[in-house]
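Heads up: the sequence lines are chains F and V, in that order.
Using this note's numbering, you'd call the opening residue of the first sequence number 1310 and step up by one each time.
Using this note's numbering, you'd call the opening residue of the second sequence number 3 and step up by one each time.
C-beta: ideal position from N, C-alpha, C; glycine also.
This report refers to the structure that appears directly beneath it.
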Amino acid sequence: DAGVIQSPRHEVTEMGQEVTLRCKPISGHNSLFWYRQTMMRGLELLIYFNNNVPIDDSGMPEDRFSAKMPNASFSTLKIQPSEPRDSAVYFCASSLVGETGGVDEQYFGPGTRLTVT
Amino acid sequence: AQSVTQLGSHVSVSEGALVLLRCNYSSSVPPYLFWYVQYPNQGLQLLLKYTSAATLVKGINDFEAEFKKSETSFHLTKPSAHMSDAAEYFCAVSPMDSSYKLIFGSGTRLLVRP
């Protein structure tokens, strides 16, 4: 298995531009997570999808951030318009969560390092 | 709200020495607990997890952690450090009522001296 795939690995953009981060979860996994990692705030969960449906988006910072999961093998995180404070590493993770919400390992992708100038 | 505290943002050990990374959680109900490792420019990788079975949990690469309810701790240990263990280590808690969620500590960077 190729693991969780994220693209691009690095993104540099100017303030005000739209940024789209992409994620392909591990085949067969039914849960997908987007995290943000910064020095100041550490690792934060942004949004959680189960069976392609957003379940918990309480970590999404503001309306500039949106996430979609049109099918089981693809998700996007979009920032529009981007701001310098959005600079961070964004991780996608996937997992197989049972019907009772049982705990299973989250597999992380390599991350996208976003720099907004 | 649940939280995790990792004591020491940096820990330095000599190669072959004991590794001890500390983690304390806040919860009135024993949660699920995890240790993840992050190598430079990579995503996080699970080392081990506690899910209310055995209190001493063994993970990959000879790491282990002991759940101590009385101390609300889940410290990570390894008997003998190797140079390849140099990385950042994250303790995480998953509330039992929303077990999909991982709440991470601030991380501890492990440095291994030759």
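Taking a contact to require three or more Cβ pairs closer than 8 Å, the stretch 1389-1406 of chain F and the stretch 59-74 of chain V do not qualify as touching. Between Cys93/V and Phe76/V, the beta carbon gap of about 6 Å places them in contact (Cβ cut-off 8 Å). In the assembly as shown, Leu1355/F is a buried residue. Its beta-carbon has 16 or more other beta-carbons within 10 Å.
For Cys1401/F, the enclosing beta strand (DSSP E) starts and ends at Ala1397 to Ser1404. About 6 Å separates the Cβ atoms of Glu1353/F and Gly1368/F, confirming a contact at the 8 Å cut-off. When DSSP reads this structure, Thr1424/F sits in a beta bridge with Val1321/F.
The C-alpha of Leu22/V is placed about 38 Å away from the C-alpha of Thr1385/F.
Taking the Cα of Ala67/V as reference, the smallest distance to any Cα among Leu113/V, Val114/V, Thr79/V and Ser28/V is reached at Thr79/V. For the stretch 31-52 of chain V, the beta-carbon criterion of a distance under 9 Å to any beta-carbon of chain F is satisfied by Tyr34, Phe36, Tyr38, Gln40, Asn43, Gln44, Gly45, Leu46, Gln47, Leu48 and Lys51. Between the alpha carbons of Ser82/V and Phe65/V lies a distance of about 9 Å.
With contacts defined as CB atoms closer than 9 Å, Leu113/V and His12/V qualify as a contacting pair.
Under a criterion of Cβ atoms nearer than 8 Å, the residues of chain V adjacent to Glu1414/F are, in order, Leu48 and Lys51. By the Cβ-count criterion, Tyr41/V is exposed, with fewer than 16 other Cβ atoms from all chains shown falling within 10 Å of its own Cβ. No Cβ-Cβ contact shorter than 9 Å links Val1398/F with Gln1326/F. A direct Cα-to-Cα measurement between Ser1403/F and Ile1335/F gives close to 6 Å.
The Cβ atoms of Gln4/V and Pro32/V do not sit closer than 9 Å to each other.
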